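Okay, so here's the structure we're looking at.
Numbering (this note's numbering), first residue to last: 214 to 478.
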């Protein structure tokens, strides 16, 4: 390979990377790639109507697998920022995501990572509590078990209008995972996994409608009686040991729930 061609390829690679540096122990790699591409689209490096470099070119430039790039592109396609046509390539469709609100009902661990990475959980209160009565029933644990109780508001990353009111109960044995955190920019269960070295094996999610009471409504900028959803999640470690119980209350005007149904092949 001639020096001229080598220099041209190196220059192209640097243009694609342009500040790319994967972080350690944070969001999944494909999400980091997606956020990098979003930033490049937002600042005009990849203009609306233009084609992205190929998956192979992106993978080589960023030092990740083609599958990671494909997952990142799929995420941005779901947001309406990219489109893809066989034989044509991946086209930039929009500077911002087309949806005006954010999904908060997740279908997988990766979607929970995605939600947390796009928002900030501002923790305003914390205390150690003993599970008794209704709380013990909600947690599905024996009375007297200790949990760290934290509460606060979840905001979009730009600290705009509050998305939800959040309450989290963390097993006292792993509570040190979040002892110094005042603003969580990742999923709480991710901090727990880092602290324990153990993966969450199962997440149970329940969703039901409620009418917000005055206190919660005030915290998220709504009105008492407004329609909302409450999403409860239980996070289990090995041996189905409950490590975290969390719920969030989402005003009805701040989320969308979208599914795609495809014909069987």
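Beta carbons are placed, not taken as given, at the ideal position from N, Cα and C, and that holds for glycine. None of these values were measured; they are calculated from a predicted model.
Helix, strand or coil: which one does DSSP assign to residue 277?
coil
Just list the residues that DSSP pairs residue 446 with in beta bridges.
418 and 459
Return the CA-CA distance between residue 354 and residue 335, expressed in angstroms with no decimal places.
27 angstroms
Closest by CA to residue 443, which one among 462, 456, 458 and 453?
462
For residue 276, is the beta carbon positioned less than 8 angstroms from some heavy atom of the ligand ZN?
The model depicted lacks the ligand ZN and carries no ligand whatsoever.
So, for residue 378: in the same chain, excluding its five sequence neighbours on each side, which residues have a beta-carbon less than 7 angstroms away from its beta-carbon?
366, 429, 432, 433, 461 and 462
Quick test of the definition: if touching needs 3 or more C-beta pairs under 8 angstroms, does the region 283–300 touch the region 334–348?
no
How long is the line joining the alpha carbons of residue 398 and residue 269, rounded to whole angstroms?
31 angstroms
Does DSSP put residue 379 in a helix, in a strand, or in coil?
Three-state DSSP puts residue 379 in a strand.
To the nearest angstrom, how far is it from the Cα of residue 449 to the Cα of residue 264?
Roughly 43 angstroms between the two C-alpha positions.
Starting from the C-beta of residue 372, find all residues in its chain whose C-beta is less than 8 angstroms away, skip the five residues before and the five after it, and write them out in chain order.
333
Considering only the beta carbon of each residue, do residue 352 and residue 388 sit closer than 9 angstroms?
no
Please state if the CB of residue 410 and the CB of residue 424 are separated by a distance shorter than 9 angstroms.
no
Are the beta-carbon atoms belonging to residue 350 and residue 457 less than 9 angstroms from one another?
Cβ distance not < 9 angstroms, so residue 350 and residue 457 don't count as in contact.
Residues in its own chain within less than 6 angstroms of residue 358 by CB, not counting five upstream and five downstream?
344
Can you grab the Cα-Cα spacing for the pair residue 233 / residue 258, in whole Å?
13 angstroms
Counting C-beta neighbours from all protein chains within 10 Å, is the total for residue 415 16 or more, i.e. buried, or is it exposed?
exposed
Tell me which residues share the same chain as residue 252 and place their Cβ nearer than 6 angstroms to its Cβ, disregarding the 5 neighbours each side in the sequence.
none
Checking the sheet assignment: what are the DSSP bridge partners for residue 362?
340 and 382
Classify residue 246: buried if its beta carbon has 16 or more other beta carbons within 10 angstroms, exposed otherwise.
buried
Looking at the structure shown, is residue 352 part of a helix, part of a strand, or coil, going by DSSP?
helix
What would DSSP say about residue 263, mapped onto helix, strand or coil?
Collapsing the DSSP output to three states places residue 263 in coil.
Comparing C-alpha positions only, which one of 340, 279, 420 and 413 sits nearest to residue 204?
For residue 204 there is no data in the structure shown, the boundaries of the chain being 214 and 478.
Counting only the same chain and skipping the five closest in sequence on each side, list residues whose C-beta sits under 7 angstroms from that of residue 255.
Excluding residues within five positions, the ones whose Cβ falls inside 7 angstroms are 308.
Which residues in the same chain as residue 440 place their Cβ atom closer than 6 angstroms to its Cβ, once the five residues preceding and following it in sequence are excluded?
465
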